[in-house]
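Worksheet: the structure to be examined is printed underneath.
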Amino acid sequence: MVNQLSLEHGERRIRLSGMPGFTVMWIGQVISLVGSAMTSFAIMVWLWEKTGRATPFALYGTATIATTIAASLLAGALVDRWDRKLSMALSDMAAALATAIMLVLHSLDALEVWHLYALAAFTGFFGAFQFPALSAAVTLMLSKRHYARASAMRSMAETASGIFAPAVAVVLLRTIGIRGVFVIDIATFAIALAALLVVHIPKPQPVSEGQAGKESIWKESLYGLKYLYERPSLFGLLMVFFASNINLGFVNVLRTPLVLARTGGDEVALGIVKSAVAAGGLAGGLVMIVWDGPKSRMRGIFIGLALVAISTIAMGLGHNVVVWAVAGGLTWMILLIQNSFSQAFWQSKVAPTVQGRVFAARSMISGVTAPLAAVIAGPLADKVFEPQVSGGGLLGSLFGRVVGTGPGSGLSLMFVFSGVLALVATIVGYGVRVVREGETILPDHDAASASE
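Residues in the sequence shown are numbered consecutively from 14, following the working numbering.
If you want it as structure tokens, here you go:
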């Protein structure tokens, strides 16, 4: 694919495609992600100043995640019906509108906490369009050898925005205030939309798979789940990732309390570990930008899953900041690389005409793991593992020599158990032939189309 020039209404307009087009679109998304992350940080500060309680933070995040998961299947069906560019633009415009409403309400001194919950649900609903639309667009814009690189660039953008946006937001909040942050966020959405306008996203070629799923919008919404269930190679791989994502959900929830409990509340130690995690994510992205990945993506996926599980175990067995920082950094570096392999595999095997529905179903199943892990991890830590290990219970007598018996030792044991279970799930998954050999069992979508 090459850059294209089109002549419309007597004017010469640049239409970028291929990797140059994706890069322009990616730059726009990076700028927009930074703006969104700054607004999110500003909202967190405002919520704390307004309420002084932790519950509103959880409710705000839940409102976004819950509506995104609930809307995923419908969004996937609509993405396959609509133009990919329109779907992404709709998601960006909805987020910009929500920020504009916050700006107006705050300017009128009328912004309330419940407004934020409602707006979070609104942006979560339209945010469900972003992943399937972007994934399908990348498949159409790039050759297969660039799929993993494009996925890594997207993940690296999310990581970088999470690192730099809070620091920038702190400065902006002290100089131009929360309204200024809102205005900048709206401007970043405009930049992302402008970048989208100059990019050419080809339309998918019709294939039998896409036509088979064309029914009512509600039946189309369920087509992605049906598609996955009918393909054991994809469904089995998704189940392995489900187990791995539960493990990562535990890690995300428990990493901070683990470090603080085992260091006596040392914020510097926590900062070092968090920085190492972020650096690992960036390093993984840089690796994939210069590397196309292994010949066997499936082998790369399972090696990555195993290494992430082993890094989780190491995090639990560690007793000092160095081990936690190295384990955390390696986890996120490997995770980003392995996810890039996985995304490239899915984009190669699923026909572009049904990627909206299939990727939405995949996203919904994966998305459930974060809130599920959050709900399970807290009570398990507080009611079972911490009292049992640090309080001299049965688990302490069995595993105290390995993880210790002081504060946070129960959390350490949870990391070990979670990592072991994820490793077992990975080994079992690799032992299933239809999953292990999925790369050869399933034809690439372009090969399947050519045979029709």
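Where a beta carbon is used, it is the ideal one built from N, C-alpha and C, also for glycine.
Between Ala146 and Met106, the beta carbon gap of about 13 Å keeps them out of contact (Cβ cut-off 8 Å).
If you draw a straight line from the Cα of Leu283 to the Cα of Val264, it comes to about 14 Å.
The C-beta of Tyr73 has 16 or more other C-beta atoms within 10 Å across all chains shown, which makes the residue buried. Non-local beta-carbon contacts of Val321 in its own chain, meaning distances under 6 Å to residues more than five positions away in sequence, involve Thr344, Ile347, Leu348 in chain order. With contact defined as three or more Cβ pairs closer than 8 Å, the stretch 448-456 and the stretch 323-342 are not in contact. The beta carbon of Ile378 lies closer than 7 Å to those of Leu251, Phe255 in the same chain, with the five residues before and after it left out. In this chain, the alpha helix (DSSP H) harbouring Lys239 covers 230-242. Contact annotation: Phe358 and Met427 have beta-carbon atoms that are not nearer than 9 Å. Ranked by Cα distance from Glu233, the first of Leu87, Leu411, Trp61, Val416 is Leu87.
Ser85 has its alpha-carbon roughly 7 Å from the corresponding atom of Ser376. Beta-bridge partners assigned by DSSP to Leu29: Val212. In the three-state scheme derived from DSSP, where H, G and I count as helix and E and B as strand, Arg162 is classed as helix.
The stretch 37-50 and the stretch 160-180 touch, with three or more beta-carbon pairs separated by less than 8 Å.
Using a Cβ distance threshold of 9 Å, Arg158 and Leu455 do not count as a contacting pair.
Taking 8 Å as the upper bound for CB-CB distance, Gly31 and Ala208 are not in contact here, some 15 Å apart.
Close CB contacts of Ala289 within its chain, under the 6 Å cut and outside five residues either way in sequence, are with Ala338, Gly341, Gly342 (chain order). The continuous alpha helix (DSSP H) containing His119 extends over residues 97-120.
The Cβ-Cβ distance between Leu129 and Ile56 falls below 9 Å.
In the three-state reduction of the DSSP assignment, Thr77 falls in the helix class, which pools H, G and I.
Secondary structure at Asp395: helix, using DSSP grouped into helix, strand and coil. The residue among Glu399, Leu153, Ile176 with its C-alpha nearest the C-alpha of His213 is Leu153.
With 16 or more other Cβ atoms inside 10 Å of its own Cβ, Arg268 counts as buried.
The beta-carbon separation of Gly317 and Gly306, rounded to 11 Å, does not stay under the 8 Å limit for a contact. In the structure shown, the three-state DSSP call for Asn333 is coil. Excluding sequence positions up to five before and after Leu124, its CB lies within less than 7 Å of the CB of Met115, Leu118, all in the same chain and listed in chain order. Ranked by how close their Cα comes to the Cα of Ala374, the residues Val37, Leu235, Ile230 have Leu235 in first place. Within its own chain, the residues whose Cβ lies closer than 7 Å to the Cβ of Pro69, once the five positions on either side in sequence are excluded, are Leu60, Val126, listed in chain order.
Of the candidates Val381, Leu436, Val211, the residue whose Cα lies closest to the Cα of Pro33 is Val211.
The C-beta of Val281 has fewer than 16 other C-beta atoms within 10 Å across all chains shown, which makes the residue exposed.
A residue is called buried once 16 or more other Cβ atoms fall within 10 Å of its Cβ, and Ile259 is buried on that count. Ala394 and Pro384 have their C-alpha atoms spaced approximately 16 Å apart. Gly306 sits in coil when the DSSP states are folded into three classes, being neither helix nor strand. Scanning Arg370, Glu399, Gly409 for the CA closest to the CA of Leu91 turns up Arg370. Assigned with DSSP and collapsed to three states, Glu171 falls in helix. Proximity to Ile199 across Gly175, Lys216, Ala109, Leu185 peaks at Ala109, based on C-alpha coordinates.
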